[in-house]
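Take a look at the structure set out below.
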Amino acid sequence: MTISTGESLITAADIDDLITRVRQTAGDPAPLESAKATLFSGNGDGDGTGTGPGPDPDLDPEAARLIRQRLLVTALRHGGALLAKLLSRLSPRETAMVRRYAHRLANFLDTLEVWAAQPVMLALMRFGLPYGEAETIAVAVILLVG
Numbered sequence: 004m005t006i007s008t009g010e011s012l013i014t015a016a017d018i019d020d021l022i023t024r025v026r027q028t029a030g031d032p033a034p035l036e037s038a039k040a041t042l043f044s045g046n047g048d049g050d051g052t053g054t055g056p057g058p059d060p061d062l063d064p065e066a067a068r069l070i071r072q073r074l075l076v077t078a079l080r081h082g083g084a085l086l087a088k089l090l091s092r093l094s095p096r097e098t099a100m101v102r103r104y105a106h107r108l109a110n111f112l113d114t115l116e117v118w119a120a121q122p123v124m125l126a127l128m129r130f131g132l133p134y135g136e137a138e139t140i141a142v143a144v145i146l147l148v149g
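If you count the sequence shown from 1, position 75 lands on 78 in my numbering, and the numbers rise without skipping.
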């Protein structure tokens with residue numbers, strides 16, 4: 004698994020991709036547009052292209068983490084660039100497992116009050132994943148949402 008060293012893991016471009024995918028499935032993109040506006044209303048470089056507004060420095064870190072969690076759940080259901088970021092940190096075997104159980108994992112994460120590696124890992128093991136792969140995937144999920 005690849006571990007990040009401080010760059011913004013979720014960009015405005017990732018959210019734009021999710022908005023497009025949700026629209027294609029006749030879903031309501033309003034929560035995603037709101038999340039994008041909330042996360043990227045600052046003046047930094049947060050869109051991954053070096054232009055436009057970046058992460059809002061005044062945003063409460065807890066609120067930002069909750070938004071990133073919702074974005075990851077949406078990505079597990081709809082795919083796209085954000086899911087690709089998660090999968091790029093995993094081995095081919097782990098990637099195949101995430102793809103196979105993405106909807107079940109999204110449903111579990113929807114019910115989770117406190118996001119920590121252990122409950123995610125235990126849920127993945129209940130789905131049938133071996134301990135090693137479940138642990139790596141759980142850590143990657145937690146690292147992605149910060």
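Cβ atoms here follow ideal geometry from the backbone N, Cα and C, with glycine treated the same way. Since we're looking at a predicted model, the values are computed, not measured.
Residue i (DSSP reduced to helix, strand or coil)
i    : result
A66  : helix
K88  : helix
V148 : helix
G30  : coil
I13  : coil
G135 : helix
V25  : helix
V76  : helix
S37  : helix
V117 : coil
D48  : A caution first: D48 carries a pLDDT of 46, below 50, which makes its placement in the model unreliable, though a value can still be read off. Here D48 sits in coil by DSSP.
Nearest neighbour of residue i, chosen from the options [CA to CA]
i    : options              : result
M128 : G149, P95, M100      : M100
F130 : V117, R102, A66      : R102
R24  : L85, Y104, I13       : L85
I145 : Q27, P95, Q121, P64  : Q121
L112 : T139, L93, V148, S91 : V148
K39  : T28, E116, R68, N110 : R68
I13  : T41, P32, R26        : T41
G135 : A109, S94, H106      : S94
I18  : L115, D63, W118, R71 : R71
A119 : V142, A87, P32, L132 : V142
A66  : F43, G83, G82, R96   : F43
E97  : P32, I140, A126      : I140
L21  : L132, L62, R73       : R73
A137 : A105, E116, V117     : A105
A29  : L62, H81, S37        : H81
R26  : G83, N110, L90       : G83
A126 : V117, L108, E116     : L108
T77  : P64, R92, E36        : E36
Continuous alpha helix (DSSP H) stretch holding residue i: start and end
i    : result
F130 : 120 to 130
T114 : 95 to 114
Chain B contact for residue i (CB, 8 Å cutoff)
i   : result
T28 : The structure shown contains no chain B; it is built from a single protein chain.
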